[in-house]
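Only one structure is covered here, and it is reproduced in the block below.
In structure tokens:
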């Protein structure tokens with residue numbers, strides 16, 4: 014089968030690799046679409062990915078083969094696959110902290126989704142593979158996983174009806190957080206970014222206010238929309254220490270700042286936070302990474318119902334053979350979500 018194989022920074026190659034073989038409790042999925050997520054690109058850029066590996070985790074496709082003990086699926090089923098599965102029984106799972114579960118962190122598809130076929134392990138077959146309807150395209154289905162991560166962030170942040178939510182960072186994950194916040198009852202959802210292309214997409218998917226941070230004073234704008242209080246919740250959807258500092262200036266007393274951008278690989282200075290912000294101003298700082306199966310199913314339903322609009326966020330599609338051209342488009346920032354059609 015064909016796959017995009019990672020070797021080093023900027024070195025991705027289209028190669029013929031062996032099609033994975035499945036066990037009795039596993040399924041083989043013919044990948045039809047896979048989103049290119051910044052997490053995969055960071056892993057490659059900062060050499061956290063293993064040379065010779067295949068990346069990609071926002072996956073949809075068709076069941077091509079089923080193990081002898083698999084009952085839930087049939088050959089030809091259209092599916093989306095969440096690439097991690099918690100055990101459901103450990104301390105972290107019992108406390109609704111599934112992304113901290115050891116099994117969650119160990120499980121994955123084989124290989125990644127930048128390939129024609131993937132083997133889905135039994136742990137995933139049991140919990141994190143969802144059948145998608147005919148009316149949902151494979152490209153749209155790739156957005157279930159990132160939407161699920163946004164569902165988890167907004168749920169952890171306990172957004173309430175009447176809240177004003179500011180999302181700093183108008184990339185794909187930022188706009189998904191904004192849409193989920195709106196779906197969960199936020200009255201005003203504001204997005205800030207410094208790319209006009211992203212601002213236009215934000216307006217298209219129903220964000221209440223979208224500001225270019227190079228042209229607008231975001232703090233003044235948010236306070237002007239909230240009688241001077243500031244945002245009830247600020248979601249930091251970029252891996253930027255300065256964005257966190259900005260969020261702490263804009264959040265209201267008693268509000269929350271959710272760090273969502275993936276800092277694991279991106280070099281950033283340490284945060285210098287005045288403890289008085291937490292003590293005197295009663296600001297809660299929390300993080301959100303990954304998602305649980307129930308977040309995944311919630312995301313699926315949000316997309317299926319149209320409450321989260323993902324079609325307008327998919328701005329570019331490329332075949333596997335044009336992977337490096339897809340990377341060039343992503344680096345230009347004149348895009349939103351880029352999807353491989355396989």
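Numbering (the working numbering), first residue to last: 14 to 355.
Every residue gets a Cβ at the ideal spot worked out from N, C-alpha and C, and that includes glycine.
Owing to the predicted nature of the structure, the values given are computational and were not obtained by experimental measurement.
Measuring straight from C-alpha to C-alpha, what distance separates residue i and residue j?
| i | j | result |
| --- | --- | --- |
| residue 270 | residue 327 | 28 Å |
| residue 85 | residue 41 | 13 Å |
| residue 354 | residue 129 | 10 Å |
| residue 171 | residue 351 | 30 Å |
| residue 216 | residue 154 | 22 Å |
| residue 222 | residue 64 | 43 Å |
| residue 23 | residue 117 | 29 Å |
| residue 301 | residue 208 | 25 Å |
| residue 231 | residue 179 | 10 Å |
| residue 357 | residue 237 | Lying before the first or after the last residue shown, residue 357 is absent from the chain, which here runs from 14 to 355. |
| residue 168 | residue 186 | 15 Å |
| residue 21 | residue 331 | 22 Å |
| residue 196 | residue 81 | 41 Å |
| residue 30 | residue 58 | 23 Å |
| residue 293 | residue 287 | 10 Å |
| residue 205 | residue 191 | 11 Å |
Using DSSP with H/G/I as helix, E/B as strand and the rest coil, what is residue i?
| i | result |
| --- | --- |
| residue 102 | coil |
| residue 31 | coil |
| residue 201 | strand |
| residue 264 | strand |
| residue 240 | coil |
| residue 118 | helix |
| residue 53 | helix |
| residue 77 | strand |
| residue 181 | strand |
| residue 210 | helix |
Output the boundary residues of the beta strand (DSSP E) element that contains residue i.
| i | result |
| --- | --- |
| residue 43 | 40-48 |
| residue 93 | 91-94 |
| residue 132 | 130-133 |
| residue 225 | 222-225 |
| residue 21 | 15-21 |
| residue 187 | From DSSP, residue 187 is part of no beta strand (DSSP E) but of the alpha helix (DSSP H) over 185-196. |
| residue 288 | Counting along the chain, residue 288 falls outside any beta strand (DSSP E), though it belongs to the alpha helix (DSSP H) covering 288-292. |
| residue 327 | 327-332 |
I need the boundaries of the alpha helix (DSSP H) containing residue i, first residue and last residue.
| i | result |
| --- | --- |
| residue 169 | 157-169 |
| residue 342 | 336-345 |
| residue 315 | 306-318 |
So, under 8 Å CB-CB, residue i and residue j are touching, yes? Tell me the CB distance rounded to an integer number of Å.
| i | j | result |
| --- | --- | --- |
| residue 94 | residue 137 | 7 Å |
| residue 74 | residue 127 | In fact, because the Cβ distance is near 12 Å, the residues do not count as touching under 8 Å. |
| residue 315 | residue 193 | 7 Å |
| residue 188 | residue 218 | 6 Å |
- Task: Count the C-beta pairs between the region 40-58 and the region 68-79 that are closer than 8 Å, then say yes if the count reaches three, no if not.
- Result: yes
- Message: Quick check: the region 155-175 against the region 253-262, are at least 3 beta-carbon pairs closer than 8 Å?
- Response: no
- Pair every Cβ in the region 140-155 with every Cβ in the region 28-39, then say whether three or more of these pairs are closer than 8 Å. no
- Query: Are the region 299-314 and the region 334-344 touching, with three or more C-beta to C-beta distances below 8 Å?
  - Reply: no
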